[in-house]
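Protein chains in written order, with this note's numbering: chain C, 8 to 560; chain X, 8 to 560.
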């Protein structure tokens, strides 16, 4: 019989990985979900659009679910909200700061999933109570405005979830006072961001980016094109300020930026003077030295504005000699090659390009580096510290860091996705599992794409497909006509062409040797597959996906 | 009429890219090729094993070809030698230092292409004359022993090819004397490595790696497993020395390392004491503190020794608590994710893992950083400097660097693959093209895989394949039986399964509406394709490769 004061914390994502953050709180048979993020597919996940957490535990306990609390509006924290709502299919109370909720709302509109969301904006610093959980959204520094950490008072004690965080905010240093006070009052467990633990020291403040961009814009002989993350409204605000300062107008290229700037203006976070923002078409007719273009595509995403400009494929902006392009970003792991290609192409078109490798301070991370993670441990002095939102090696490094701050290994438990931490009577221990995992989203379909489908896609991608069709008479089993062979994704020349022809003949011979009376579709199918694959392997070292088609007439 | 003293230098690879270095020299109708490297496929080049230069210009001027000169034995400089020999199909004179040729010989044996190679070892510092080209192989620092730069005296003047280089060698600093003397005598054109120009300063010396590994081994509580590039015999030599020093034995895991250690011992480059190297099986029975395992797989290559250990799939070595694993390498761009995964998995098995992100000096690059590239310009004072072996942005940065060293932009020409630099009467200008490009190698087939094949593979990878088969009577045009539909690489559940069934019915209805007398195979094929794709798109947002199979009986 579980104690009435026991609390379970279970990550549904974001441990052992960077991405799809979602953490489930459970106590007194009530459930609250913190964040609902997506992960982007890796190179092996062919054709997959997104990966979302498996929400089946919540789906099978719908009546116990009290609400979704969002720490901030990055995709790896909110990207799965539309899917979650669609799967749940009932009204969901969603809590978060103004900008976070506005960004989610825009996302839901784009995804045409608006009927289930009930938004409850909470001011940074504000509180809410959901069943046994009393929560406060504490302002914290990150690369998106209005980001929060969560203090959660539970029947088992006080928990602290950092969300994604760093100590420097857009305007300066985070006030340590509230955190220190929490520490004085006692924190049972800290659930901490640790993605940047491999970086020593502290993450530099946003100010260095401002100063760097200021210098770049001052020296630019023509237009300045700045690419950054669409959601990084703090960076956008800096650029708007710099534009005013350098008497330039700002034009915006890219749907994501347009959406988030709309949100920023609507909520009063951005206050551009009336004529500061101009249309792209108008900017093209202005003197180059009076223009800044804000663009999406800092990760080399093929469809984004900057990538299109780089290949001469943007409808309104043509890169030219004299342009200065700034990538105010770092490549997200996996995007290095597309970012490099974009930079190369921009240079080819005559632009000057400035990126992190040659100008360190065009971007700073939104995450706390090692020393800051240590500082948080010192401020909060939790009994337990659990690394979240990090790959396994980062969790290991976090445990070592915590040891330096007085926490032994037993007080730094590692959770896996779906594994629960049970908090009770001032202690925490890893305890049991709930259904969980990764759900692949392909187009509109949630799930469906499984390991078998991915295996086929992998083989198709590497070796193509060969189809051998045979027609047989239903009543006599006789093979009618000759087999035909077709190939796609196979280099159908020279030795390979010969091997395909040879396979076709071999199938014909093999089938004719058999007694028609004994043939059935299944057997013919198997035999066609065997013979084809064997000839292709031997003659051309090919291992395509072979698909026999046996038509009965 | 070309001047008898004109010389053409044409890269067949290695410009605008990092990889497949090959540079053609031509003068007085004589051809010499410097290096013959491969490039590894990018994420878009599905199923491609290797990319080699297009050698067709040499193939169509076989009788003018005098020989292949190799600067060092890295894959991006020698990997295409087997393909080059096979395509040329006649005896080829190959020049290089001892270790370089021994590595090539081992490679040719593995590829069973041994009949065409005639090896001519040249000592570092030694010279050779090939028609109008007098060449000296100058020792230079790099991450493989016996690496050389090339001084080439031609009818047009003196050229200098750095190959891949840095100023620090395994034992210390490169002697600048010979380079300075070349500069004093006059260099018409320098062809320079520039891949590391984005890194400021100088590449640290190998000594820092030795000191770091020394410290790690001294403090390791159990076995030390060091993964490094198989060809990095200098690193291997350091590790053998450290093993002696710390009274440990060395066992070797991975075919590539075994091969290159054999080469190193045979040529006297490595001199391990009789009992230093032990079998893996024996090492497993020795006390952990007396063992170092040298392993391949520092790039997370799935089949390599360390990657297998990381997933518990290595036949002889099982990772255990107390093991210290050192990745003495940096991830090559594109390999970041597989390296991260390997590190995570090693940690999961209880090993302590040390890699570049947390211990900077477990590896140093084999390439000169920005300051060294500048120093080389100062030493040689060439009239022209041409950046080779670098992507476009690196060429741009190299041109800027050269400007700081007194060379204006006209004296830093950029070449593209296949584009010739004509050197004549003390000047150089970009002049014309020869047939060139990238040739994709898929299995045993050279070429064959072209853009169309890759496009098909891409679609197959993303969306799978759907086959619709129809049988028609040859004489009447009547459709016999019902169409059948099969899918692979498609999530065949729920909405998708319904869409597939619907497509099948729609095809059936569409064909039955038509007048059999007017049907021919081509028309039926087109109609089946149209109807299937349209239903799948509308009902399930699917865009697979649709392959109609129309059998006539």
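For each residue, glycine too, the CB sits at the ideal point set by N, CA and C. No experiment lies behind these values; they were computed from the predicted model shown.
#1: Check whether the Cβ atoms of residue 562(C) and residue 338(C) lie closer than 8 Å to each other.
#2: Which residues does DSSP pair with residue 279(X) in a beta bridge?
#3: Distance cutoff 8 Å, beta carbons only. Does residue 493(C) sit that close to anything in chain X?
#4: Would you report the Cα separation of residue 301(X) and residue 264(X), rounded to the nearest angstrom?
#5: Taking only beta-carbon positions, decide if residue 498(X) is within less than 8 Å of chain C.
#6: Within this structure, are the beta carbons of residue 17(X) and residue 367(X) separated by less than 8 Å?
#7: Tell me the rounded alpha-carbon separation between residue 442(C) and residue 236(C).
#8: Using a 10 Å radius around the Cβ and a threshold of 16 neighbouring Cβ atoms, would you call residue 320(C) buried or exposed?
#9: Helix, strand or coil for residue 296(C)? Go by DSSP, reduced to three states.
#10: How many angstroms separate the CA atom of residue 303(X) from the CA atom of residue 274(C)?
#11: So, are the CB atoms of residue 210(C) and residue 372(C) less than 8 Å apart?
#12: For residue 91(C), go through chain X and note every residue whose CB falls closer than 9 Å to its CB, in chain order.
#13: Suppose you measure from the CA of residue 352(C) to the CA of residue 32(C); what does that come to, to the nearest Å?
#14: From the DSSP output, in three-state form, read off residue 97(C) for me.
#15: Is it buried or exposed, residue 256(C), if we count other Cβ atoms within 10 angstroms and call 16 or more buried?
#16: Could you spell out the range, first to last residue, of the alpha helix (DSSP H) harbouring residue 114(X)?
#17: For chain X, find out if any of its Cβ atoms is closer than 8 Å to the Cβ of residue 96(C); answer yes or no.
#18: How is the beta strand (DSSP E) around residue 18(C) delimited, first residue to last?
#19: Could you tell me which uninterrupted alpha helix (DSSP H) segments, each at least 4 residues in length, are contained entirely in the region 299-366 of chain X, listed from first to last along the chain?
#20: Going by the CB atoms, is the gap between residue 83(C) and residue 52(C) shorter than 8 Å?
#21: Throw me the rounded Cβ distance for the residue 561(C) and residue 424(C) pair, which I believe falls under 8 Å.
#22: Measure the Cβ-Cβ separation of residue 406(X) and residue 419(X) and say whether it is below 8 Å.
#23: Applying the criterion that 16 or more other CB atoms from any shown protein chain within 10 Å of the CB defines a buried residue, is residue 370(X) buried or exposed?
#24: Against chain X, does residue 8(C) count as a neighbour if the rule is that its beta carbon must be under 8 Å from one of theirs?
#25: Is the shortest distance between the beta-carbon of residue 340(X) and the beta-carbons of chain C less than 8 Å?
#26: Can you tell me where the alpha helix (DSSP H) holding residue 176(X) begins and where it ends?
#27: Cutting at 6 Å between CB atoms, please list the residues of its own chain near residue 359(X), excluding the five before and the five after it.
#28: Under 8 Å between C-beta atoms, does residue 7(C) make it to chain X?
#29: Between the region 218-244 of chain X and chain C, which residues of the former have a C-beta closer than 9 Å to a C-beta of the latter?
#30: With which residues is residue 436(C) paired in a DSSP beta bridge?
#31: Would you list, in chain order, the members of the region 363-377 of chain C that have their beta-carbon closer than 9 Å to a beta-carbon of chain X?
#32: Keeping to the same chain, check which residues put their C-beta closer than 6 Å to that of residue 233(X); ignore five residues upstream and five downstream.
#33: When Cβ atoms are compared, which residues of the region 523-536 of chain X fall closer than 7 Å to chain C?
#34: Considering only residues of the region 9-83 of chain C, which uninterrupted beta strand (DSSP E) runs meet the minimum length of 3 residues and lie entirely inside it, listed in chain order?
#35: Report the neighbours of residue 354(C) on chain X: residues whose CB is nearer than 7 Å to its CB, in chain order.
#36: Report the option in 228(C), 282(C), 455(C) whose CA atom is closest to the CA atom of residue 504(X).
Quick look at the numbers:
#1: Since the first residue of chain C shown is 8 and the last is 560, residue 562(C) is not available in this structure.
#2: Per DSSP, none; premise fails for residue 279(X).
#3: yes
#4: 8 Å
#5: yes
#6: no
#7: 34 Å
#8: exposed
#9: helix
#10: 55 Å
#11: yes
#12: None at all; the shortest Cβ gap to chain X is about 18 Å.
#13: 48 Å
#14: coil
#15: buried
#16: 105-117
#17: no
#18: 14-20
#19: 312-317, 343-355
#20: no
#21: Lying outside 8 to 560, the shown extent of chain C, residue 561(C) is not represented and no answer is given.
#22: yes
#23: buried
#24: Model confidence at residue 8(C) stands at a pLDDT of 44, short of 50, so the residue's coordinates are unreliable and nothing is read from them.
#25: yes
#26: Neither: residue 176(X) is in no alpha helix (DSSP H) and is coded neither H nor E.
#27: 331
#28: Because residue 7(C) is not part of the residues shown, which for chain C are 8 to 560, the question remains open.
#29: none
#30: 429(C)
#31: 364, 365
#32: 246, 301, 333, 335
#33: none
#34: 14-20, 29-34, 37-41, 57-60, 72-76
#35: 399, 400, 403
#36: 455(C)
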